[in-house]
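Everything below concerns the one structure shown next.
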Amino acid sequence: LTGDDNSGRKVITFSCCRMPPSHQLNHTRLLEYLKYTLDQYVENDYTVVYFHYGLKSLNKPSLKWLQTAYKEFDRNYSVLPSLAFNIFLTISFSFPRYKKNLKALYVVHPTNFIKILWNIFKPLISHKFGKKITYLNYLHDLGEHLKYDQLNIPQEVIRHDENLWRKHKGKLPPVVKVPPPRPPLPTQQFGVSLQYMKDKSKGELIPLVMKETVSYLKSKGLKVEGLFRRSASIQTIKDVQKLYNQGKSVNFDDYHDIHIPAVILKTFLRELPQPLLTFDCYDNILEITSVESCLRVTRCKQIIQGLPEHNYVVLKYLMCFLHMVSQESIYNRMTASSLACVFGLNLIRPLKGTTSLNALVPVNLFTELLIDFYTNIFSSRTVPGE
(Lines of atoms letter the chains of each structure in order from A; the text may use other names.)
(Lines give C-alpha, C1' and ligand atoms only; values in the text may rest on other atoms or scores of the structure.)
Protein backbone atom coordinates (compact mmCIF):
# COMPACT_ATOMS: atom_id res chain seq x y z
CA LEU A 9 0.00 0.00 0.00
CA THR A 10 1.55 3.32 -1.05
CA GLY A 11 -0.86 6.15 -0.43
CA ASP A 12 -3.45 7.58 -2.80
CA ASP A 13 -3.79 8.48 -6.46
CA ASN A 14 -5.00 11.83 -7.79
CA SER A 15 -8.61 10.85 -7.08
CA GLY A 16 -7.97 9.88 -3.46
CA ARG A 17 -8.14 6.15 -4.18
CA LYS A 18 -5.81 3.81 -2.33
CA VAL A 19 -2.85 2.59 -4.38
CA ILE A 20 -1.60 -0.99 -4.12
CA THR A 21 1.73 -1.77 -5.77
CA PHE A 22 3.27 -5.09 -6.72
CA SER A 23 6.94 -5.42 -7.74
CA CYS A 24 8.01 -8.60 -9.50
CA CYS A 25 11.69 -7.95 -8.81
CA ARG A 26 11.06 -8.50 -5.10
CA MET A 27 9.86 -12.02 -5.68
CA PRO A 28 12.41 -14.53 -4.30
CA PRO A 29 13.32 -17.68 -6.24
CA SER A 30 10.33 -20.00 -6.51
CA HIS A 31 11.97 -22.80 -4.52
CA GLN A 32 12.43 -20.42 -1.55
CA LEU A 33 8.91 -19.04 -1.54
CA ASN A 34 5.94 -20.43 0.33
CA HIS A 35 3.34 -19.90 -2.36
CA THR A 36 0.48 -20.75 -0.04
CA ARG A 37 1.46 -17.87 2.22
CA LEU A 38 1.90 -15.62 -0.82
CA LEU A 39 -1.67 -16.34 -1.85
CA GLU A 40 -2.89 -15.56 1.68
CA TYR A 41 -0.89 -12.32 1.60
CA LEU A 42 -2.42 -11.25 -1.70
CA LYS A 43 -5.92 -11.98 -0.43
CA TYR A 44 -5.28 -10.16 2.85
CA THR A 45 -3.93 -7.08 1.10
CA LEU A 46 -6.77 -6.88 -1.38
CA ASP A 47 -9.45 -7.54 1.22
CA GLN A 48 -8.48 -4.31 2.98
CA TYR A 49 -9.60 -2.25 0.02
CA VAL A 50 -11.75 -4.12 -2.47
CA GLU A 51 -14.91 -2.72 -0.89
CA ASN A 52 -13.71 0.77 -1.84
CA ASP A 53 -12.42 2.26 -5.08
CA TYR A 54 -8.72 1.46 -5.49
CA THR A 55 -5.83 1.52 -7.97
CA VAL A 56 -3.12 -1.05 -8.70
CA VAL A 57 0.40 -0.32 -10.00
CA TYR A 58 2.15 -3.43 -11.30
CA PHE A 59 5.93 -3.25 -11.85
CA HIS A 60 6.61 -6.09 -14.26
CA TYR A 61 10.39 -5.79 -14.41
CA GLY A 62 12.25 -8.53 -12.57
CA LEU A 63 9.99 -11.49 -13.33
CA LYS A 64 12.27 -14.25 -14.57
CA SER A 65 12.16 -18.01 -14.91
CA LEU A 66 13.89 -18.27 -11.52
CA ASN A 67 11.17 -16.49 -9.56
CA LYS A 68 8.16 -17.14 -11.77
CA PRO A 69 5.42 -19.14 -10.01
CA SER A 70 4.57 -22.49 -11.48
CA LEU A 71 1.51 -23.03 -13.64
CA LYS A 72 0.13 -25.32 -10.93
CA TRP A 73 0.24 -22.51 -8.36
CA LEU A 74 -1.39 -20.08 -10.77
CA GLN A 75 -4.19 -22.59 -11.31
CA THR A 76 -4.62 -22.91 -7.54
CA ALA A 77 -4.68 -19.12 -7.17
CA TYR A 78 -7.23 -18.85 -9.95
CA LYS A 79 -9.54 -21.39 -8.27
CA GLU A 80 -9.15 -19.74 -4.87
CA PHE A 81 -9.96 -16.24 -6.11
CA ASP A 82 -12.76 -17.54 -8.30
CA ARG A 83 -14.38 -19.48 -5.45
CA ASN A 84 -14.16 -16.97 -2.64
CA TYR A 85 -13.67 -13.56 -4.17
CA SER A 86 -13.19 -12.93 -7.88
CA VAL A 87 -10.05 -12.20 -9.78
CA LEU A 88 -7.80 -9.20 -9.81
CA PRO A 89 -5.53 -9.12 -12.82
CA SER A 90 -1.88 -8.07 -12.52
CA LEU A 91 -1.19 -10.24 -9.50
CA ALA A 92 -0.90 -13.41 -11.52
CA PHE A 93 2.41 -12.11 -12.87
CA ASN A 94 3.23 -12.50 -16.53
CA ILE A 95 0.00 -14.39 -17.30
CA PHE A 96 -2.22 -12.25 -15.11
CA LEU A 97 -4.44 -11.39 -18.04
CA THR A 98 -5.58 -15.01 -18.21
CA ILE A 99 -7.48 -14.62 -14.96
CA SER A 100 -9.14 -11.27 -15.54
CA PHE A 101 -12.55 -12.60 -16.44
CA SER A 102 -15.74 -11.11 -15.13
CA PHE A 103 -15.84 -11.84 -11.41
CA PRO A 104 -17.54 -9.07 -9.46
CA ARG A 105 -15.79 -8.35 -6.20
CA TYR A 106 -12.23 -7.34 -7.03
CA LYS A 107 -12.96 -6.04 -10.49
CA LYS A 108 -15.90 -3.82 -9.55
CA ASN A 109 -14.00 -1.24 -7.49
CA LEU A 110 -10.66 -1.50 -9.27
CA LYS A 111 -10.65 1.85 -11.07
CA ALA A 112 -7.22 1.78 -12.68
CA LEU A 113 -4.50 -0.79 -13.33
CA TYR A 114 -1.12 0.60 -14.41
CA VAL A 115 1.27 -1.96 -15.92
CA VAL A 116 4.76 -0.45 -15.80
CA HIS A 117 7.48 -1.69 -18.16
CA PRO A 118 5.27 -4.22 -19.95
CA THR A 119 6.94 -6.79 -22.16
CA ASN A 120 5.77 -7.74 -25.62
CA PHE A 121 4.58 -11.05 -24.17
CA ILE A 122 2.14 -9.29 -21.86
CA LYS A 123 0.79 -7.23 -24.75
CA ILE A 124 0.38 -10.36 -26.87
CA LEU A 125 -1.51 -12.08 -24.05
CA TRP A 126 -3.73 -9.04 -23.73
CA ASN A 127 -4.61 -9.22 -27.41
CA ILE A 128 -5.35 -12.94 -27.11
CA PHE A 129 -7.68 -12.60 -24.14
CA LYS A 130 -9.15 -9.21 -24.99
CA PRO A 131 -12.28 -10.75 -26.57
CA LEU A 132 -12.97 -12.57 -23.28
CA ILE A 133 -12.65 -9.46 -21.10
CA SER A 134 -15.33 -6.82 -20.89
CA HIS A 135 -14.70 -3.57 -22.73
CA LYS A 136 -15.39 -1.62 -19.54
CA PHE A 137 -12.70 -3.49 -17.65
CA GLY A 138 -10.26 -3.23 -20.54
CA LYS A 139 -10.45 0.57 -20.36
CA LYS A 140 -9.06 0.43 -16.81
CA ILE A 141 -5.72 -1.00 -17.96
CA THR A 142 -2.95 1.43 -18.92
CA TYR A 143 0.50 0.45 -20.15
CA LEU A 144 3.32 2.75 -19.07
CA ASN A 145 6.71 2.31 -20.70
CA TYR A 146 8.51 4.63 -18.29
CA LEU A 147 8.22 5.55 -14.62
CA HIS A 148 7.99 9.20 -15.61
CA ASP A 149 4.55 8.52 -17.10
CA LEU A 150 3.15 7.57 -13.69
CA GLY A 151 3.30 11.21 -12.61
CA GLU A 152 0.28 11.98 -14.76
CA HIS A 153 -1.90 9.65 -12.69
CA LEU A 154 -0.66 9.69 -9.09
CA LYS A 155 1.88 11.17 -6.72
CA TYR A 156 5.07 9.69 -8.07
CA ASP A 157 7.17 10.52 -4.99
CA GLN A 158 4.95 8.52 -2.62
CA LEU A 159 5.64 5.21 -4.38
CA ASN A 160 8.22 2.93 -2.85
CA ILE A 161 9.83 1.93 -6.15
CA PRO A 162 12.62 -0.66 -5.93
CA GLN A 163 16.06 0.54 -7.04
CA GLU A 164 16.22 -2.30 -9.57
CA VAL A 165 13.13 -0.90 -11.30
CA ILE A 166 14.56 2.63 -11.28
CA ARG A 167 17.85 1.44 -12.81
CA HIS A 168 15.96 -0.56 -15.43
CA ASP A 169 13.93 2.54 -16.29
CA GLU A 170 17.11 4.61 -16.68
CA ASN A 171 18.61 1.97 -18.96
CA LEU A 172 15.47 2.00 -21.11
CA TRP A 173 15.69 5.78 -21.43
CA ARG A 174 19.35 5.61 -22.44
CA LYS A 175 18.60 2.90 -24.98
CA HIS A 176 15.62 4.58 -26.61
CA LYS A 177 16.17 8.26 -25.87
CA GLY A 178 19.92 8.45 -25.61
CA LYS A 179 19.81 10.20 -22.24
CA LEU A 180 18.57 9.90 -18.67
CA PRO A 181 14.85 10.39 -17.92
CA PRO A 182 13.84 13.98 -17.22
CA VAL A 183 14.00 15.12 -13.64
CA VAL A 184 10.56 16.00 -12.36
CA LYS A 185 10.85 19.60 -11.27
CA VAL A 186 8.77 20.41 -8.23
CA PRO A 187 8.03 24.14 -8.03
CA PRO A 188 8.70 25.79 -4.67
CA PRO A 189 5.59 25.87 -2.48
CA ARG A 190 3.56 29.04 -2.62
CA PRO A 191 2.59 30.74 0.62
CA PRO A 192 -0.95 29.69 1.56
CA LEU A 193 -3.86 32.03 0.99
CA PRO A 194 -5.54 33.55 4.07
CA THR A 195 -8.60 31.47 3.23
CA GLN A 196 -6.66 28.26 2.50
CA GLN A 197 -8.37 25.05 3.65
CA PHE A 198 -6.31 22.26 2.09
CA GLY A 199 -2.72 21.46 2.95
CA VAL A 200 -2.47 23.83 5.92
CA SER A 201 -2.47 23.15 9.65
CA LEU A 202 -5.47 23.33 11.95
CA GLN A 203 -3.75 26.17 13.77
CA TYR A 204 -3.38 28.16 10.53
CA MET A 205 -7.09 27.82 9.77
CA LYS A 206 -8.00 28.76 13.32
CA ASP A 207 -5.83 31.89 13.22
CA LYS A 208 -7.35 32.97 9.89
CA SER A 209 -10.96 32.34 10.91
CA LYS A 210 -11.22 34.31 14.16
CA GLY A 211 -10.63 31.33 16.40
CA GLU A 212 -13.08 28.87 14.79
CA LEU A 213 -12.00 25.37 15.77
CA ILE A 214 -13.88 23.36 13.16
CA PRO A 215 -12.55 24.14 9.66
CA LEU A 216 -15.11 25.51 7.21
CA VAL A 217 -14.71 22.69 4.68
CA MET A 218 -15.36 20.12 7.39
CA LYS A 219 -18.43 21.96 8.69
CA GLU A 220 -19.97 22.25 5.25
CA THR A 221 -19.27 18.72 4.03
CA VAL A 222 -20.46 17.12 7.26
CA SER A 223 -23.57 19.30 7.36
CA TYR A 224 -24.44 18.46 3.75
CA LEU A 225 -23.87 14.74 4.20
CA LYS A 226 -25.92 14.70 7.41
CA SER A 227 -28.88 16.20 5.60
CA LYS A 228 -28.66 14.31 2.31
CA GLY A 229 -26.22 11.43 2.52
CA LEU A 230 -26.72 9.32 5.62
CA LYS A 231 -28.75 6.67 3.83
CA VAL A 232 -26.78 6.62 0.57
CA GLU A 233 -25.43 3.15 -0.09
CA GLY A 234 -21.65 3.06 -0.28
CA LEU A 235 -21.14 6.54 1.13
CA PHE A 236 -17.37 7.28 1.27
CA ARG A 237 -16.58 4.21 -0.84
CA ARG A 238 -16.87 5.87 -4.20
CA SER A 239 -14.49 8.25 -5.95
CA ALA A 240 -15.44 11.34 -7.93
CA SER A 241 -14.21 13.29 -10.93
CA ILE A 242 -10.61 14.39 -10.39
CA GLN A 243 -11.24 17.74 -12.06
CA THR A 244 -14.38 18.40 -10.02
CA ILE A 245 -12.54 17.69 -6.78
CA LYS A 246 -9.74 20.07 -7.80
CA ASP A 247 -12.28 22.73 -8.72
CA VAL A 248 -14.04 22.45 -5.34
CA GLN A 249 -10.71 22.57 -3.50
CA LYS A 250 -9.79 25.71 -5.42
CA LEU A 251 -13.09 27.38 -4.48
CA TYR A 252 -12.56 26.61 -0.80
CA ASN A 253 -8.94 27.77 -0.86
CA GLN A 254 -10.00 31.04 -2.46
CA GLY A 255 -12.67 31.60 0.15
CA LYS A 256 -15.53 31.28 -2.34
CA SER A 257 -18.84 29.63 -1.53
CA VAL A 258 -19.52 26.02 -2.53
CA ASN A 259 -23.01 24.70 -3.21
CA PHE A 260 -22.84 20.91 -3.43
CA ASP A 261 -26.33 20.80 -4.93
CA ASP A 262 -24.80 22.21 -8.11
CA TYR A 263 -22.77 19.04 -8.67
CA HIS A 264 -25.61 16.49 -8.38
CA ASP A 265 -23.26 13.93 -6.83
CA ILE A 266 -23.39 13.09 -3.13
CA HIS A 267 -19.95 11.49 -3.34
CA ILE A 268 -18.22 14.82 -4.06
CA PRO A 269 -18.59 16.24 -0.51
CA ALA A 270 -17.62 12.79 0.81
CA VAL A 271 -14.39 12.78 -1.23
CA ILE A 272 -13.71 16.40 -0.28
CA LEU A 273 -13.92 15.51 3.42
CA LYS A 274 -11.50 12.61 3.01
CA THR A 275 -9.16 14.76 0.92
CA PHE A 276 -9.14 17.49 3.55
CA LEU A 277 -8.12 15.03 6.26
CA ARG A 278 -5.51 13.37 4.06
CA GLU A 279 -3.84 16.67 3.16
CA LEU A 280 -3.39 17.97 6.70
CA PRO A 281 0.37 18.52 7.19
CA GLN A 282 0.12 16.59 10.45
CA PRO A 283 -2.57 13.90 10.66
CA LEU A 284 -5.52 14.58 12.92
CA LEU A 285 -4.39 11.90 15.39
CA THR A 286 -0.85 13.40 15.26
CA PHE A 287 2.46 11.71 14.53
CA ASP A 288 3.11 11.29 18.27
CA CYS A 289 0.20 8.85 18.62
CA TYR A 290 1.26 6.56 15.80
CA ASP A 291 3.25 4.02 17.83
CA ASN A 292 0.65 3.89 20.60
CA ILE A 293 -2.10 3.22 18.08
CA LEU A 294 -0.13 0.36 16.51
CA GLU A 295 -0.01 -1.33 19.92
CA ILE A 296 -3.81 -1.50 20.25
CA THR A 297 -3.93 -5.08 18.97
CA SER A 298 -1.69 -6.22 21.83
CA VAL A 299 -4.17 -4.88 24.42
CA GLU A 300 -6.74 -7.29 25.81
CA SER A 301 -10.08 -6.93 24.06
CA CYS A 302 -11.91 -5.86 27.19
CA LEU A 303 -9.40 -3.03 27.77
CA ARG A 304 -9.12 -1.62 24.25
CA VAL A 305 -11.82 1.04 24.58
CA THR A 306 -10.17 2.30 27.75
CA ARG A 307 -6.81 2.38 25.97
CA CYS A 308 -8.31 4.33 23.07
CA LYS A 309 -9.68 6.81 25.56
CA GLN A 310 -6.25 7.23 27.15
CA ILE A 311 -4.56 7.82 23.81
CA ILE A 312 -6.92 10.53 22.60
CA GLN A 313 -6.84 12.25 25.99
CA GLY A 314 -3.26 13.13 25.12
CA LEU A 315 -4.21 14.94 21.91
CA PRO A 316 -3.86 18.72 21.68
CA GLU A 317 -7.20 20.39 22.39
CA HIS A 318 -7.75 21.52 18.82
CA ASN A 319 -7.13 18.05 17.41
CA TYR A 320 -9.39 16.54 20.03
CA VAL A 321 -12.25 18.92 19.19
CA VAL A 322 -12.03 18.24 15.45
CA LEU A 323 -11.68 14.48 15.99
CA LYS A 324 -14.73 14.43 18.26
CA TYR A 325 -16.74 16.37 15.67
CA LEU A 326 -15.72 13.91 12.95
CA MET A 327 -16.36 10.79 15.05
CA CYS A 328 -19.78 12.05 16.10
CA PHE A 329 -20.69 12.26 12.41
CA LEU A 330 -19.17 8.89 11.48
CA HIS A 331 -21.03 7.31 14.39
CA MET A 332 -24.24 8.70 12.91
CA VAL A 333 -23.32 7.24 9.52
CA SER A 334 -22.69 3.82 11.06
CA GLN A 335 -26.09 3.94 12.77
CA GLU A 336 -27.68 3.99 9.31
CA SER A 337 -25.65 1.02 8.04
CA ILE A 338 -28.82 -0.94 7.28
CA TYR A 339 -29.31 1.56 4.45
CA ASN A 340 -25.81 2.77 3.55
CA ARG A 341 -23.92 -0.50 4.20
CA MET A 342 -21.26 1.50 6.01
CA THR A 343 -20.64 -0.13 9.37
CA ALA A 344 -18.05 1.17 11.80
CA SER A 345 -15.63 -1.40 10.37
CA SER A 346 -16.27 -0.23 6.78
CA LEU A 347 -15.82 3.41 7.75
CA ALA A 348 -12.61 2.57 9.61
CA CYS A 349 -11.13 1.03 6.46
CA VAL A 350 -11.92 4.26 4.60
CA PHE A 351 -10.85 6.80 7.22
CA GLY A 352 -8.12 5.05 9.21
CA LEU A 353 -5.18 5.98 7.02
CA ASN A 354 -6.55 9.50 6.58
CA LEU A 355 -6.35 10.05 10.35
CA ILE A 356 -2.91 8.67 11.19
CA ARG A 357 0.36 7.99 9.40
CA PRO A 358 4.03 7.73 10.35
CA LEU A 359 6.26 10.79 10.33
CA LYS A 360 8.56 9.17 7.76
CA GLY A 361 7.76 6.75 4.98
CA THR A 362 4.42 5.19 4.17
CA THR A 363 2.14 3.07 6.32
CA SER A 364 3.25 -0.55 6.30
CA LEU A 365 0.91 -3.44 5.66
CA ASN A 366 1.33 -4.57 9.28
CA ALA A 367 -0.06 -1.24 10.46
CA LEU A 368 -3.40 -1.59 8.65
CA VAL A 369 -5.04 -3.87 11.19
CA PRO A 370 -4.27 -1.77 14.31
CA VAL A 371 -5.02 1.53 12.55
CA ASN A 372 -8.37 0.29 11.29
CA LEU A 373 -9.19 -1.34 14.62
CA PHE A 374 -8.42 1.85 16.53
CA THR A 375 -10.59 3.90 14.17
CA GLU A 376 -13.41 1.37 14.39
CA LEU A 377 -13.36 1.58 18.19
CA LEU A 378 -13.52 5.40 18.05
CA ILE A 379 -16.62 5.18 15.85
CA ASP A 380 -18.36 2.29 17.59
CA PHE A 381 -17.76 3.54 21.14
CA TYR A 382 -17.90 7.26 20.38
CA THR A 383 -20.16 8.11 23.33
CA ASN A 384 -17.96 6.31 25.85
CA ILE A 385 -14.57 7.40 24.50
CA PHE A 386 -15.39 11.10 24.12
CA SER A 387 -17.50 11.57 27.25
CA SER A 388 -14.91 12.53 29.87
CA ARG A 389 -13.26 15.53 28.27
CA THR A 390 -15.19 18.71 27.71
CA VAL A 391 -14.43 20.89 24.72
CA PRO A 392 -14.98 24.61 24.12
CA GLY A 393 -18.58 25.46 23.36
CA GLU A 394 -20.08 22.47 25.18
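If you're matching positions, the sequence shown starts at 9 in my numbering and goes up one per residue.
Positions of the beta carbon are idealized from the N, C-alpha and C atoms, including for glycine.
This structure is a prediction, so every number in the text was calculated from the model and none was measured.
Point to revise | Collapsed DSSP secondary structure at Y61 in the structure displayed | key: coil
Exercise for review: List the whole-angstrom C-beta distance separating M327 from Y382, where the pair is believed to meet the contact cut-off of C-beta under 8 Å.
Suggested key: 5 Å
Review point. Three-state secondary structure (DSSP) at S100?
Key: Bear in mind that a pLDDT of 40 at S100, under 50, signals an unreliable position, so the model cannot answer this.
Point to revise | Sheet register partners of K18 (DSSP bridge) | key: D12 and Y54
Review point. At a cut of 8 Å, does the stretch 246-260 reach the stretch 195-215 through at least three beta carbon pairs?
Key: yes
Check your understanding: Cβ atoms of Y143 and P118: under 7 Å apart, would you say?
Key -> yes
Check your understanding: Bridge partners of L252, per DSSP?
Key -> Checking the sequence, you will find Tyr at residue 252 rather than Leu. Answer by DSSP bridge pairing: none, since Y252 is not bridged.
Check your understanding: Counting pairs of beta carbons, one from the stretch 211-225 and one from the stretch 268-277, are three or more of them closer than 8 Å?
Key -> yes
Review point. What did DSSP end up calling A112 once you bin it into helix, strand or coil?
Key: strand
Review point. Which two residues bound the contiguous beta strand (DSSP E) that contains L144?
Key: I141 to L144
Practice item. Give the straight-line distance between the Cα atoms of R174 and H168, rounded to the nearest whole angstrom. Key: 10 Å
Check your understanding: Which of helix, strand or coil does DSSP assign to S388?
Key -> coil
Exercise for review: Counting only the same chain and skipping the five closest in sequence on each side, list residues whose C-beta sits under 8 Å from that of L315.
Suggested key: L285, T286, C289 and L323
Check your understanding: What number of angstroms, rounded off, separates the C-alpha of A112 from the C-alpha of S239?
Key -> 12 Å
Review point. Could you give the distance in angstroms between the alpha-carbon of N372 and the alpha-carbon of H331?
Key: 15 Å
**Study point:** Alpha-carbon spacing of Y146 relative to V165, whole angstroms
**Key:** 10 Å
Check your understanding: Where does Q158 land, buried or exposed, given buried means 16+ other C-beta within 10 angstroms?
Key -> exposed
Review point. According to the neighbour-count rule (16 or more other Cβ atoms, all chains shown, within 10 Å of its Cβ), is N171 buried or exposed?
Key: exposed
Point to revise | contact_flag[the stretch 300-316, the stretch 332-348] where n(CB pairs < 8 Å) is 3 or more | key: no
Check your understanding: Ordered along the chain, which non-local residues of its own chain (more than five positions away) have a Cβ less than 7 Å from that of E376?
Key -> A344, S345 and A348
Check your understanding: Going by other Cβ atoms of all chains shown within 10 Å of its Cβ, with 16 needed for buried, is S23 buried or exposed?
Key -> buried
Point to revise | Candidates N354, G361 and D265, of which the one nearest K228 by Cα | key: D265
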